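Chains as they are written, first to last, in this note's numbering: chain A, 1 to 528; chain B, 529 to 1020. Idealized CB from N, CA, C, for every residue including glycine. A quick note: this is a predicted structure, and the numbers were derived from the prediction, not measured. First the structure, in the form of structure tokens, and then the observations on it.
Here you go:
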């Protein structure tokens, strides 16, 4: 009995010592950890000898370790977010919609005041053709550049290497500016030789092209910095300036838009350079050495290719529609109002589905991390199956939101024209052609936003090849189907190319996404 | 063998990119041994750090080894031009990974979970690892699905008989750790006589490869005990057991490999030998080389003093320095000496702890007797402001603060931690850690026996001069380098 008592007293003493040295720490793994804890609590071998009659702390730790099972050691909680699910979804959905604010502002300004930064309801077909062509070329030239600026700049910002973020952004920005200038010269040379347009028309085209390219490029810096508010403000300022010059001061529309674009390009550049300066001056960043050019090229080319293909996909149907020569075209390419109204109208459902991308990506990050931590290793298949279910649920959500937003968007302009005399003229814009274009384009855009979600997942998990293969297939089908239909039937059948391209883009990327989630454990591991 | 001796010094998170004790030590060594050519191989967190030291001309090469922060692991490492990386990428297939690489990962992983791994075999597999990636691409091989599936199955098998299996995330994290930490094996093997690692850590792996492949001699210096520090880190971070099992198993394995392959293990004090011996280092391999201080800088000097009996401590404000014991000692001494002043020099590294200490000063009513004097760039002046120098740490290796106080002819009272006893015993006072009563008793004694204190101070300085100067440390390393290289120090 006495021996038992002394044994239990000894145990209590061990427990007490272990508790005191490991309080606020993790559960000790082994005797090495207990020894280290004893030492950092000021205990010495001599204390083990005098107080415990044991040779040293290493042996004392053997005595203490078994008591660890009697103590509670909470593991450090890794919280990925401070918000609840509902709030997170709402905030991210709104954030996703912020992407579309400049687009919404432009559409609204066209409806309300009849002008935008590079659009006007009073444009002649010739004017619209010039500007439309300049816009498409600007998007095609800057699409790849915007992707790589976003990718590499953000890479360094996440590492808190703001100096390098600023350096690489400036370098890629200047490189893109030189590409824009070279493209402008190349087009000038071609026009000189082939005489596509008369000089006066071509000069407007090239001026719009350069200004719009610089504008899109400058905005890519703010997209990288996630300053969507700045982008919206710059866009609104551009519209206000056009309104001021064109409506208030009565200047010519081209002049008003050149000057306004020029001002906002300068302003965006000043702000952009200020932001870069701010990044450079942030304390803590020390890195000044960028990787070698070959290495940079290797890590960025896929992003460039994807960005370029993406914008090519977006402009393909218009290019095909505008160049369909079934009826007389004053030039090889000719803008078409009903078609443009149809595709712009279809941007409304896109806003609602593209905002879902932000929600899904964010939630996937949280769900995956938590689930991975909770899932016992042997349950790998269950883990993957769980995420296939989540993916399918995501697909259904996209489908439902897509269908509802297409229906609502269809009735939206008619609702507006009935609701207020202010919008009464809207109905005049809608006819059989643009209604058909609207439906095909909306379906294409909803599918596009789903495919974009897939591609963002691929990029987030360092699988750019899946994204490139998907968009390349989509763009190819977009071109082939659009070309055949527009040439076989009429110009506006080019929109079927966009829908078919959207179907293929969505289908191929879904195929890869399915492969991805079927082995999500592996792709999660290898996302570096 | 003739010509200048060539030493590759490998560091981890220290020289020349970070300031601190180990970096200062390395800088002194490299700058003092100008007859030796040094190449530096710093293993660093990421490549975006600027050097904190100006390198002398005898540093002939530098191979940075960043573990994180790169898209291509070797994009910042010399000896890996991109066309070679690209060619390696094209050559690296699942079949190559399965046939030539998988077994290396198996060998290492099994050794991580083994109490007594075959260190020779594991070391040789590290050399094979290095060779494999002269031919094939690191990033592609580690991202191979074959490798992941194999590793996953192996982990399940290793845990088959365990009570609790790891989470899926544990397995992901484990293979990612191997990917990151073993980037240290990708550095080119520089031609040299000696490879000198400043820790029994991942920076020792290139030394092992150089020893196996080129027959270079391997000298290992241990300032703290790396494995012990990592245990404490994981403990503080409250990591789950399964995470610790792998991570600390890996660190134990790497430390053991360092000890096994090192030709000489040089801790900075005999106290650290306890861990080294427990980790299998034969005693005959161990040669303690104490750190040294600049005895010209740390000397008795007249400085502005308050005129009050003053007790000084130079220490960072963090729990391991046990500032609370210093404060409680002040409270006790003040009871008998109402004029006493305790001054603490050092930066705040733990804000919460600093606030706790400030509160204790207030609670004990020590205003006017206790001063937080802030960081000092001149510890020699700070020490000379005191009649007594204290160190209340509860954990140390071989504290410079003790040597510096002694060199300034002060009576040093220190807690009995690390290797303090090895220099202070008989030349100052050693008390049990956290024992503020014992500290107070010794302080009172010194303050009331000024003549004896002055004599002790003189003896303390003599003790430092007898083997704890920079000069002694440099000479010891120089001797070790030449002895290991089989040269007599005259270039023959």
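{"Item": "How do the segment 743-763 of chain B and the segment 777-793 of chain B stand: do at least 3 beta-carbon pairs fall below 8 Å, yes or no?", "Value": "yes"}
{"Item": "Cβ of residue 553 of chain B less than 8 Å from any chain A Cβ?", "Value": "no"}
{"Item": "Is there a C-beta anywhere in chain B that falls below 8 Å from the one on residue 373 of chain A?", "Value": "yes"}
{"Item": "Relative to the alpha-carbon of residue 693 of chain B, which residue among B:867, B:773, B:707, B:636 has its alpha-carbon at the smallest distance?", "Value": "B:773"}
{"Item": "Indicate whether at least one CB of chain A lies closer than 8 Å to the CB of residue 786 of chain B.", "Value": "no"}
{"Item": "To the nearest angstrom, how far is it from the Cα of residue 877 of chain B to the Cα of residue 76 of chain A?", "Value": "22 Å"}
{"Item": "Report back the beta-carbon spacing between residue 40 of chain A and residue 57 of chain A to the nearest angstrom; my notes put them in contact at under 8 Å.", "Value": "Contact flag wrong, Cβ pair sits at about 11 Å."}
{"Item": "Check whether the Cβ atoms of residue 919 of chain B and residue 942 of chain B sit closer than 8 Å, and answer yes or no.", "Value": "yes"}
{"Item": "Distance cutoff 8 Å, beta carbons only. Does residue 521 of chain A sit that close to anything in chain B?", "Value": "yes"}
{"Item": "8 Å is my cut-off, CB to CB: does residue 32 of chain A come that close to chain B?", "Value": "yes"}
{"Item": "By the three-class DSSP mapping on this structure, what secondary structure does residue 408 of chain A have?", "Value": "helix"}
{"Item": "From the DSSP output, in three-state form, read off residue 745 of chain B for me.", "Value": "strand"}
{"Item": "Can you grab the Cα-Cα spacing for the pair residue 158 of chain A / residue 217 of chain A, in whole Å?", "Value": "21 Å"}
{"Item": "So the candidates are B:775, B:1015, B:540, B:892; which of them puts its Cα closest to the Cα of residue 705 of chain B?", "Value": "B:775"}
{"Item": "Check for me: the beta strand (DSSP E) holding residue 899 of chain B runs from which residue to which?", "Value": "898-902"}
{"Item": "Name the residue from B:586, B:858, B:867, B:743 whose alpha carbon lies nearest to the alpha carbon of residue 558 of chain B.", "Value": "B:586"}
{"Item": "Who are the neighbours of residue 295 of chain A on chain B, taking C-beta pairs under 7 Å?", "Value": "600, 603, 610"}
{"Item": "Among the candidates B:751, B:721, B:749, whose CA atom is the shortest distance from the CA of residue 741 of chain B?", "Value": "B:721"}
{"Item": "Measure from the C-beta of residue 161 of chain A to each C-beta in chain B and report whether the shortest distance is under 8 Å.", "Value": "yes"}
{"Item": "So, for residue 873 of chain B: in the same chain, excluding its five sequence neighbours on each side, which residues have a beta-carbon less than 6 Å away from its beta-carbon?", "Value": "842, 901, 904, 910"}
{"Item": "How about residue 78 of chain A and residue 696 of chain B: are their beta carbons less than 8 Å apart?", "Value": "no"}
{"Item": "In chain order, which continuous runs of the beta strand (DSSP E) of length 3 or greater are located wholly inside the segment 549-603 of chain B?", "Value": "565-572, 587-590"}
{"Item": "Between residue 760 of chain B and chain A, is the shortest Cβ-Cβ distance under 8 Å, so that the two count as touching?", "Value": "yes"}
{"Item": "Would you please verify whether the beta carbon of residue 74 of chain A is less than 8 Å from any beta carbon of chain B?", "Value": "yes"}
{"Item": "Just the Cα atoms here: how many angstroms apart are residue 536 of chain B and residue 656 of chain B?", "Value": "21 Å"}
{"Item": "Give a yes or no on whether the minimum CB-CB distance between residue 915 of chain B and chain A is below 8 Å.", "Value": "no"}
{"Item": "At least one CB of chain B closer than 8 Å to the CB of residue 36 of chain A: is that the case?", "Value": "yes"}
{"Item": "Report the residue from B:763, B:797, B:779 whose alpha carbon sits nearest the alpha carbon of residue 636 of chain B.", "Value": "B:779"}
{"Item": "Taking the C-alpha atoms as reference points, what is the distance between residue 505 of chain A and residue 313 of chain A?", "Value": "10 Å"}
{"Item": "Answer yes or no: do residue 723 of chain B and residue 746 of chain B have a C-beta to C-beta separation smaller than 8 Å?", "Value": "yes"}
{"Item": "Just to confirm my understanding: we take residue 580 of chain B, look at its own chain, exclude 5 residues before and 5 after, and list those with CB closer than 8 Å. What are they?", "Value": "544, 545, 546, 547, 551"}
{"Item": "Against chain A, does residue 576 of chain B count as a neighbour if the rule is that its beta carbon must be under 8 Å from one of theirs?", "Value": "yes"}
{"Item": "Check residue 802 of chain B in the structure and name its three-state DSSP category.", "Value": "helix"}
{"Item": "Using 8 Å as the limit for Cβ to Cβ distance, is residue 647 of chain B near chain A?", "Value": "no"}
{"Item": "Compute the distance between the beta-carbons of residue 837 of chain B and residue 865 of chain B, then report whether it is under 8 Å.", "Value": "yes"}
{"Item": "For residue 805 of chain B, would you say it is in contact with chain A, using Cβ-to-Cβ distances shorter than 8 Å as the test?", "Value": "no"}
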